[in-house]
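So the sequence lines, in the order shown, correspond to chains Y and U. Read in order, the letters of the first sequence correspond to residues 1 to 292 in this note's numbering. Read in order, the letters of the second sequence correspond to residues 1001 to 1292 in this note's numbering. Quick reminder that beta carbons are idealized off the backbone N, C-alpha and C, glycines included. Before any comments, here is the structure.
Number of protein chains: 2
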Amino acid sequence: MTRALLLDGRSAAAQVHERLRRRLAERVRRGLRPPVLGIVWASEDEATAAYIRAKRRAAARLGVEVRVRRLGSQAPAAEVAAAVRGLSADRNVDGVLVQSPLPRHVDFEDIVQLIDPAKDVDGFHPLNAGRLFRGRPALVPCTAAGILELLRHHGIDPAGRRAVVVGRSNLVGRPTALLLEQHHATVTVCHSRTRDLAEVTRQAEILVVAAGRPWLIGPEMVRPGAVVVDVGIHRTEAGLLGDVHPDVAGVAGALSPVPGGVGPMTVAMLLQNLVDAAERRAAEAVDATWAR
Amino acid sequence: MTRALLLDGRSAAAQVHERLRRRLAERVRRGLRPPVLGIVWASEDEATAAYIRAKRRAAARLGVEVRVRRLGSQAPAAEVAAAVRGLSADRNVDGVLVQSPLPRHVDFEDIVQLIDPAKDVDGFHPLNAGRLFRGRPALVPCTAAGILELLRHHGIDPAGRRAVVVGRSNLVGRPTALLLEQHHATVTVCHSRTRDLAEVTRQAEILVVAAGRPWLIGPEMVRPGAVVVDVGIHRTEAGLLGDVHPDVAGVAGALSPVPGGVGPMTVAMLLQNLVDAAERRAAEAVDATWAR
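In C-alpha cells:
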C-alpha cells in the first residue's frame, strides 16, 4: 500500500516565519518598533493555556511582543469588553485577539465586534468577514488562511478541483470554503445535516475536515488520490487524534498529519496577520501625515 | 411529459406585500411616518430606468416614499459619494441603495461602504455581509432572500437536500449559497472554472442558476424532479430568456418562470428590508430615549 504524501505543516510554517523575519528586519531598518499582539484570556483550562503558550513562543522567536490581559473564567462581560476596548484603543498595540473559550455568560460575537477591525488578527470581526465574503482585502481567519498556505506550499492549486469542506464553523469551515472558492475550486460544504456524507466526501479531490469529531472520516469515505487536510485535534487517552482516521493515508494522495499539519499553520498565519496589520497601520499613519 | 410545478413569484411576492401592508398600517397606528427609501442613480440605460420604475411602483402601492438622487452617467465619484453620504445621514431616510451600474470610473464597493449599515437595504455593505456570514441578524441581499422566500412559499425546505448554486456573484450566488447552507442544505457553488458543470448540476435536488448566460442549463443537466430556480433575465430579440432552457420544465419537479419568478421576489424583499430597517431604527430611537 503506497502512503500519502505528508502535508508538512511544520516546514510550511517555518517558511512563513522566515518571510516574516525578513519583513520584521525591514521594519527595524525603518526605525519602527516590533509589532505588539494583545490577547484577552478569560478561561482556566489547560488546553487554552497551551495554545497561549504556543502563540507566545512563536511570537518571541520573531521578536514580537505579546501582552496578555488575563481575566479568569468568572470575569463579567463588561470586564471582558473593557479589556478588548482598551487594547483596541491602545496606539502601541497592533493586533488584538480574544482567546476562546470565553466564560459561558459572555457572548463571543458581541465581544468580537468590539475589536478594532484594523487590529482583528483572528479575522473574526464581521467587517473583516464581510470584506472576505465580498472579495475585498481583509484579515482572514488564521486556520482557513493556513490551510490554503499549506496547499500552496505543497504545490496544490485548488483551481477547477472539486473541494469538500466538512464542518461549517465561523472559525474554520465557512471561511475555508470561501477561500477555496476564491481560488476557483468548486466547493461543497457538508455538516451535521448532510445526508450520506460519504457519498459527498468521495467526490472530493480536496477534502478539508473540520468537523470536531475524532476519526469521522475513514478510508472508505475518501476518493483515491485525494488531498486530505485534517483540522481536528482531540486529546484522548490514546493520544492526539484528528478528524481523519490514520488508514486514510493508504487511500489519499496527500494527508496532513495530526499534530504537525494545520496546527503550526494557524499560529504562523496569526503572526502574518499581525505583521500585515502593523504595516497597514504604519502606512495609514504616513498617509495621515501627508494629508495634513 | 409532465410539466414542472410553477414557482410563482408573483403570488409569493403578493403575500410578502400583504404582510408589509399590515406592518405599515401598524406603524401609522403608532403615529409613525411611512418609511422613506433613498436611491442613488447614476446611469442612463433603459433597463436600469425600468428597474427604478418597478421599485417606485411597488413602493407607491405600499405608501412608501422613494427619493431618487439622479446624477447621470458622467457623475464623478465624489458626487456619487456625496449623494450616498447625504441620504445615509438624513434622519428622514430609512433605507439607502445605490442602483447599479455606476459609471465606469466609480468603484461600486468603495461607494457601498459609505452607506449607513443600518440603512443598507440591498445588504451590500461588508458589515451586513459579515453579519450574514457569521450567522448574525443582518440586512440580506434581496435576490438571495427572495429565492429562499420563494421556496418557503411553495413548501420547499432545503434542510438536508443537495443544493447547487451556479454563479458566485456578491449580488446573488454567494449570499444564496450561504442562506441555503444556513437552512441546512448541503451546498455546492459552481462557476466559470467548474469542470463538467453538468455532472455537478445533475446532483442538485435544488438548483439555483445565477450565471448570467441565456439558456446555460438544458434538460440534460437537471436531475429528474429537481427544484430549479432561474435567476437569469436576458432581453433578446426572441424575448425575455432565463439562464434555464424552457425544456427543463419537462424534467424538473418545480421551476421558476422568467419573467414572474425571482424578479418580483427581489422587489418584495427590498421593501421588506426597508420596513425592517425603519422599524429597527424606530426601536433604537426609543431605546436611546430610555437610556437618557
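Would you mind giving the Cβ-Cβ distance between Gly253 (chain Y) and Leu7 (chain Y), rounded to the nearest angstrom? I have them listed as a contact below 8 Å.
Here residue 253 (chain Y) refers to the residue found at position 253 when the first sequence is read from its first residue. Here residue 7 (chain Y) refers to the residue found at position 7 when the first sequence is read from its first residue. Contact flag wrong, Cβ pair sits at about 10 Å.
Val1036 (chain U): which of U:Asp1094, U:Arg1023 and U:Gly1086 sits nearest, CA to CA?
Working through the second sequence from its first residue, we reach residue 1036 (chain U) at position 36. Considering only alpha carbons, the answer is U:Asp1094.
Below 8 Å on the Cβ atoms is my contact criterion, and I expect Val200 (chain Y) with Thr186 (chain Y) to pass it. Report the Cβ-Cβ distance as a whole number of Å.
Within the first sequence, residue 200 (chain Y) is the residue found at index 200, counting from 1. Within the first sequence, residue 186 (chain Y) is the residue found at index 186, counting from 1. Contact doesn't hold; Cβ gap of about 12 Å is too wide.
So what does DSSP say about Asp110 (chain Y), is it helix, strand or coil?
Indexing the first sequence from 1 puts residue 110 (chain Y) at position 110. It is helical.
Assigned secondary structure, Ala291 (chain Y) (DSSP; H/G/I helix, E/B strand, else coil)
Within the first sequence, numbered from 1, the residue matching residue 291 (chain Y) stands at position 291. With a pLDDT of only 48 at Ala291 (chain Y), under 50, the local geometry of the prediction cannot be trusted, and the value read off the model is given with reservation. Here Ala291 (chain Y) sits in helix by DSSP.
Neighbourhood of Arg292 (chain Y) by C-beta, 7 Å cutoff - its chain only, sequence neighbours within 5 removed
By 1-based counting over the first sequence, the position of residue 292 (chain Y) is 292. Its pLDDT being 42, under 50, Arg292 (chain Y) is placed unreliably by the model, and the measurement read from it follows with that caveat. Correct list: empty, nothing qualifies.
Label Val1262 (chain U) either buried or exposed according to how many other C-beta atoms from any shown protein chain fall within 10 Å of its C-beta, with 16 as the threshold for buried.
The residue you call residue 1262 (chain U) lines up with position 262 of the second sequence. Classification of Val1262 (chain U): buried, given that the 10 Å Cβ count is 16 or more.
Under 7 Å by beta carbon: chain U residues contacting Val200 (chain Y)
As a first step, residue 200 (chain Y) is located in the first sequence; it is residue number 200 there, counting from the start. Chain U residues near Val200 (chain Y): Thr1186.
Below 8 Å CB to CB, which residues in the same chain sit around His1017 (chain U) once its five sequence neighbours on both sides are set aside?
Position 17 of the second sequence, counting from 1, holds the residue named residue 1017 (chain U). These residues qualify, in order along the chain: Ala1058, Arg1061, Leu1062, Ala1268 and Leu1271.
Evaluate the contact criterion for the segment 159 to 171 of chain Y versus the segment 1138 to 1153 of chain U: three or more CB pairs, one atom per stretch, below 8 Å.
no
Three-way DSSP call (helix, strand, coil) for Gly1031 (chain U) in this model
Numbered from 1 along the second sequence, position 31 holds the residue referred to as residue 1031 (chain U). DSSP places Gly1031 (chain U) in the coil class of the three-state scheme, outside both helix and strand.
Do Phe1108 (chain U) and Phe133 (chain Y) count as a contact pair if the criterion is CB distance below 7 Å?
Here residue 133 (chain Y) refers to the residue found at position 133 when the first sequence is read from its first residue. Here residue 1108 (chain U) refers to the residue found at position 108 when the second sequence is read from its first residue. Taking 7 Å as the Cβ cut-off, Phe133 (chain Y) and Phe1108 (chain U) do not qualify as a contacting pair.
Near Gly1043 (chain U), which residues of its chain fall below 6 Å by C-beta distance, leaving aside the five closest residues on each side in sequence?
Here residue 1043 (chain U) refers to the residue found at position 43 when the second sequence is read from its first residue. The question names Gly, yet the displayed sequence has Ser at residue 1043 (chain U). Once the five neighbours on either side are set aside, the close Cβ partners of Ser1043 (chain U) are Ser1073 and Pro1101.
Comparing the C-beta of Ala1129 (chain U) with each C-beta of chain Y, is any distance below 7 Å?
The count along the second sequence starts at 1 and reaches residue 1129 (chain U) at position 129. Yes, its Cβ sits closer than 7 Å to a Cβ of chain Y.
Using only CA atoms, which one of Y:Pro214, Y:Pro117, Y:His184 and Y:Leu171 lies nearest to Arg281 (chain Y)?
Here residue 281 (chain Y) corresponds to residue number 281 of the first sequence, with the count starting at 1. Per the Cα distances, Y:Pro117.
Can you pull the chain Y residues whose beta carbon is under 7 Å from the beta carbon of Ala1159 (chain U), in chain order?
Residue 1159 (chain U) sits at position 159 when you count from the first residue of the second sequence. Within 7 Å Cβ-Cβ: Arg193.
Can you list the alpha helix (DSSP H) stretches of 4 or more residues lying completely in the segment 1102 to 1181 of chain U, in chain order?
1108 to 1112, 1126 to 1133 and 1142 to 1153
Beta carbon of Arg223 (chain Y) nearer than 7 Å to that of Arg193 (chain Y)
Along the first sequence, read from residue 1 onward, the residue named residue 223 (chain Y) stands at position 223. Along the first sequence, read from residue 1 onward, the residue named residue 193 (chain Y) stands at position 193. No.
At a Cβ threshold of 7 Å, is Val96 (chain Y) touching chain U?
The count along the first sequence starts at 1 and reaches residue 96 (chain Y) at position 96. No, Val96 (chain Y) lies away from the interface with chain U (no Cβ there is under 7 Å from its Cβ).
If you reduce the DSSP assignment to three classes, tell me which class Gln1074 (chain U) lands in.
As a first step, residue 1074 (chain U) must be located in the second sequence, where it is residue number 74. Three-state DSSP puts Gln1074 (chain U) in coil, outside helix and strand.
Test: Phe1108 (chain U) CB closer than 7 Å to a CB of chain Y:
The count along the second sequence starts at 1 and reaches residue 1108 (chain U) at position 108. So, not an interface residue.
Ignoring anything shorter than 3 residues or poking outside the segment 205 to 237 of chain Y, list the beta strand (DSSP E) runs there in chain order.
206 to 209, 227 to 230 and 234 to 236
Straight-line CA distance for Pro1310 (chain U) to Glu1284 (chain U)?
Missing from the structure shown is residue 1310 (chain U); chain U here goes from 1001 to 1292 and no further.
Cys1142 (chain U) versus chain C: which residues are under 9 Å apart at the beta carbon?
Absent from the structure is chain C; the protein chains it does hold are Y and U.
Count the other C-beta atoms from every protein chain shown that fall within 10 angstroms of the C-beta of Asn92 (chain Y), then say buried if there are 16 or more, exposed otherwise.
The residue given as residue 92 (chain Y) occupies position 92 in the first sequence. With fewer than 16 Cβ atoms within 10 Å of its Cβ, Asn92 (chain Y) is classed as exposed.
Which residue from Y:Asp122, Y:Trp215, Y:His183 and Y:Asn128 puts its Cα closest to that of Val166 (chain Y)?
In the first sequence, residue 166 (chain Y) corresponds to position 166, counting from 1. Val166 (chain Y) has its Cα closest to that of Y:Trp215, out of Y:Asp122, Y:Trp215, Y:His183 and Y:Asn128.
Consult DSSP for Gln1203 (chain U) and reduce its assignment to one of helix, strand or coil.
The residue you call residue 1203 (chain U) lines up with position 203 of the second sequence. It is coil, neither helix nor strand.
With 16 other Cβ atoms within 10 Å as the buried cut-off, status of Leu148 (chain Y):
If you number the first sequence from 1, residue 148 (chain Y) lands on position 148. When all chains shown are included, Leu148 (chain Y) counts as buried.
Output, in chain order, the set of chain U residues within a Cβ distance shorter than 8 Å of Gly135 (chain Y).
Position 135 of the first sequence, counted from the start, is the residue given in the question as residue 135 (chain Y). Going along chain U in sequence order, the residues near Gly135 (chain Y) (Cβ under 8 Å) are Asn1170.
Do Ser88 (chain Y) and His96 (chain Y) have their beta-carbon atoms positioned less than 7 Å apart in this structure?
Counting from 1 along the first sequence, the entry for residue 96 (chain Y) is found at position 96. Counting from 1 along the first sequence, the entry for residue 88 (chain Y) is found at position 88. Before going on, a small fix: residue 96 (chain Y) reads as Val here, not His. Against a cut-off of 7 Å, the Cβ pair of Ser88 (chain Y) and Val96 (chain Y) comes out as a contact.
Please identify the residue among Y:Ala12, Y:Arg168, Y:Ala82 and Y:Ile217 whose C-alpha is closest to the C-alpha of Asp230 (chain Y).
Here the question's residue 230 (chain Y) lines up with position 230 in the first sequence. Selected option, being the one with the closest Cα: Y:Ile217.
Using DSSP's beta-bridge definition, name the partner residues of Ala1254 (chain U).
In the second sequence, residue 1254 (chain U) corresponds to position 254, counting from 1. In the DSSP output, where bridge partners are listed per residue, Ala1254 (chain U) has U:Leu1005 and U:Val1227.
Just to confirm my understanding: we take Gly173 (chain Y), look at its own chain, exclude 5 residues before and 5 after, and list those with CB closer than 6 Å. What are they?
Position 173 of the first sequence holds residue 173 (chain Y). For Gly173 (chain Y), where only same-chain residues beyond five positions count, the Cβ hits under 6 Å are Val165, Gly167 and Ala210.
Interface residues of chain U facing Arg174 (chain Y) [CB-CB closer than 7 Å]
In the first sequence, counting from the first residue as 1, residue 174 (chain Y) sits at position 174. The contacting residues are Phe1133.
For Asp276 (chain Y), which residues in the same chain have their Cβ closer than 6 Å to its Cβ, ignoring the five residues on either side in sequence?
Residue numbering aside, residue 276 (chain Y) sits at position 276 when the first sequence is read from its first letter. None.
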